[in-house]
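Q: Quick one: the structure is below, questions incoming.
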DNA sequence: ATGGTACATTAGAAATGATATAAGATGTTG
DNA sequence: CAACATCTTATATCATTTCTAATGTACCAT
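Chains as they are written, first to last, in the numbering used here: chain A, 194 to 328; chain B, 194 to 328.
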């Protein structure tokens with residue numbers, strides 16, 4: 194059994210070597226997928242799991258995974274970047290008090306129609322963001 | 194004719210004095226509304242218009258206007274915050290190459306239904322973001 | 001397999017850049 | 001004029017990026 198053969202394959206396709214750090218972070222990310230992390234929270238998790246990895250490497254890895262299509266960056270928090278293991282278009286709830294994210298079930302977000310795009314452009318993502326505060 | 198009576202009124206309602214700087218920034222913002230700015234671009238505009246105002250004041254003013262409901266903060270760019278003179282819920286195109294924003298006509302963004310919210314929360318905004326790259 | 005070489009990757013520290021804060025100077029209101 | 005808000009400049013903060021030396025990895029030839 195080779196639990197990461199798929200991730201390894203995707204890393205190779207992206208020209209990324211399957212290093213110890215990348216595999217450890219991939220394990221944390223995808224073993225409990227779907228989930229959302231920030232560089233800080235993932236770094237803290239790695240430390241807690243006794244995976245020695247520097248914060249700079251966490252940042253690099255998150256961006257490399259994003260470029261490789263394994264993650265999606267979610268820009269929703271003015272303070273920090275979030276990353277999502279679900280890479281298909283979908284919406285998010287953002288809890289303003291806690292700064293955490295939650296996926297909106299795809300069935301709950303239905304765009305009646307796709308807006309017509311400016312000439313010469315193509316859409317790289319379509320996202321619906323609902324900001325929430327305590328009631 | 195008092196071109197800013199409305200803005201002055203709204204500032205007063207928010208407990209903000211209509212100072213020279215605030216009125217000058219309001220003029221830049223709302224005279225060519227609807228529009229989008231960042232702290233940097235608005236500061237540069239003020240300088241160009243010979244309105245001496247510090248960058249710190251621009252930041253403060255943008256947030257005060259946002260709290261007063263005159264502006265809306267748009268979180269869409271991992272690098273900086275954008276502010277929009279249109280405060281009602283609406284969508285944005287984000288041009289990844291240039292980092293600029295453009296409103297999506299409201300008629301073009303129609304949510305088939307509002308997602309059901311987690312218990313104990315209320316939505317403070319609903320936004321649709323379409324990221325664009327060159328075709 | 002083994003050793004070697006080129007190159008990718010990592011870590012830690014330092015740099016960067018947007019934004020926030022502090023303290024003193026200035027403006028505004030009553 | 002007194003009380004207080006606002007502005008400015010400089011400084012602080014914090015997330016993120018960059019730099020550089022050390023280390024790891026892949027590929028090649030033996």
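Using N, Cα and C, we set each Cβ at its ideal position, and we do this for glycine too. These numbers come from a predicted model, not from an experiment.
Buried or exposed for residue 262(A), going by 16 or more other Cβ atoms inside 10 Å?
A: Here residue 262(A) refers to the residue found at position 69 of the first chain. So residue 262(A) counts as exposed.
Q: Rank 228(A), 251(A), 283(A) by C-alpha distance to the C-alpha of residue 299(A) and give the top, closest one.
A: Position 106 of the first chain, counting from 1, holds the residue named residue 299(A). If we check each option's Cα against that of residue 299(A), 283(A) comes out closest.
Q: So residue 221(B) contacts chain A; which residues on that side make the cut at Cβ distance below 8 Å?
A: Stepping through the second chain from its first residue, residue 221(B) is reached at position 28. Ordered by position in chain A, no residue passes the 8 Å Cβ test against residue 221(B), which lies about 22 Å from the chain.
Q: Does residue 215(B) come within less than 9 Å of chain A when only Cβ atoms are used?
A: For the purposes of this step, residue 215(B) is taken as the residue at position 22 of the second chain. So no, residue 215(B) is outside the interface.
Q: Beta-carbon within less than 8 Å of residue 200(B)'s beta-carbon, same chain only, minus the 5 sequence neighbours each way: which residues are those?
A: Here residue 200(B) refers to the residue found at position 7 when the second chain is read from its first residue. Result list for residue 200(B): 211, 216, 219, 223, 263, in chain order.
Q: Counting only Cβ pairs nearer than 7 Å, list the residues of chain B close to residue 324(A).
A: Here the question's residue 324(A) lines up with position 131 in the first chain. The contacting residues are 316, 317, 318.
Q: Looking at the structure shown, is residue 209(A) part of a helix, part of a strand, or coil, going by DSSP?
A: As a first step, residue 209(A) must be located in the first chain, where it is residue number 16. Coil, per DSSP.
Q: Hey, is the region 225-232 of chain B in contact with the region 299-317 of chain A, meaning 3+ C-beta pairs nearer than 8 Å?
A: Flag = no, the region 225-232 of chain B and the region 299-317 of chain A do not touch.
Q: According to DSSP, what are the bridge partners of residue 297(B)?
A: Here residue 297(B) is taken as the residue at index 104 of the second chain, counted from 1. Its beta-bridge partners are 284(B).
Q: Return the CA-CA distance between residue 288(A) and residue 309(A), expressed in angstroms with no decimal places.
A: As a first step, residue 288(A) is located in the first chain; it is residue number 95 there, counting from the start. As a first step, residue 309(A) is located in the first chain; it is residue number 116 there, counting from the start. So the alpha carbons of these two residues sit roughly 30 Å apart.
Q: Looking at the C-beta of residue 357(B), does it have a partner C-beta in chain A at a distance below 9 Å?
A: Lying outside 194 to 328, the shown extent of chain B, residue 357(B) is not represented and no answer is given.
Q: In the DSSP assignment, find the alpha helix (DSSP H) that holds residue 251(A) and state where it starts and stops.
A: As a working note, residue 251(A) is residue 58 in the first chain. Unbroken alpha helix (DSSP H) run through residue 251(A): 248-260.
Q: With DSSP run on the structure shown, which of helix, strand or coil describes residue 291(B)?
A: As a first step, residue 291(B) is located in the second chain; it is residue number 98 there, counting from the start. Correct three-state label for residue 291(B): coil.
Q: If you reduce the DSSP assignment to three classes, tell me which class residue 265(B) lands in.
A: Taking the second chain and counting its residues from 1, the one referred to as residue 265(B) is at position 72. It is a strand residue.
Q: Run down chain B in chain order and give the residues with a C-beta less than 8 Å from the C-beta of residue 284(A).
A: In the first chain, the residue the question calls residue 284(A) occupies position 91. Per Cβ cutoff of 8 Å: 308.
Q: Counting only the same chain and skipping the five closest in sequence on each side, list residues whose C-beta sits under 6 Å from that of residue 231(B).
A: Position 38 of the second chain holds residue 231(B). So the list reads 273, 275, once near-sequence residues are dropped.
Q: Between residue 258(A) and chain B, is there a C-beta pair that is closer than 9 Å?
A: The residue you call residue 258(A) lines up with position 65 of the first chain. No - not a single Cβ of chain B is within 9 Å of the one on residue 258(A).
Q: In whole angstroms, what is the alpha-carbon distance linking residue 285(B) and residue 251(A)?
A: Residue 285(B) sits at position 92 when you count from the first residue of the second chain. Residue 251(A) sits at position 58 when you count from the first residue of the first chain. Computed Cα separation, rounded: 30 Å.
Q: Residue 230(B) bridges to which residues according to DSSP?
A: On the second chain, position 37 is the one that residue 230(B) refers to. DSSP lists 276(B) as partners of residue 230(B).
Q: Could you list which residues in chain A have their beta carbon closer than 7 Å to that of residue 198(B), in chain order?
A: As a first step, residue 198(B) is located in the second chain; it is residue number 5 there, counting from the start. Within chain A, no residue comes near residue 198(B); the closest Cβ sits about 32 Å away, beyond 7 Å.
Q: Where DSSP assigns a beta bridge to residue 314(A), which residues make up the other side?
A: If you number the first chain from 1, residue 314(A) lands on position 121. Paired residues: 327(B).
Q: Just to confirm before moving on: does the CB-CB distance between residue 319(A) and residue 324(B) stay below 9 Å?
A: Walking along the first chain from the start, residue 319(A) turns up at place 126. Walking along the second chain from the start, residue 324(B) turns up at place 131. Yes, the pair counts as a contact, with Cβ atoms nearer than the cut-off.
Q: Residues in its own chain within less than 6 Å of residue 246(A) by CB, not counting five upstream and five downstream?
A: As a position in the first chain, residue 246(A) is number 53, starting the count at 1. Once the five neighbours on either side are set aside, the close Cβ partners of residue 246(A) are 214, 239.
Q: Just how far apart, CA to CA, sit residue 277(A) and residue 236(A)?
A: Counting from one through the first chain, the residue named residue 277(A) turns up at place 84. Counting from one through the first chain, the residue named residue 236(A) turns up at place 43. Distance between the alpha carbons of residue 277(A) and residue 236(A): 15 Å.
Q: According to DSSP, is residue 200(A) part of a helix, a strand, or is it coil?
A: The count along the first chain starts at 1 and reaches residue 200(A) at position 7. Note: residue 200(A) maps to helix in three-state DSSP.
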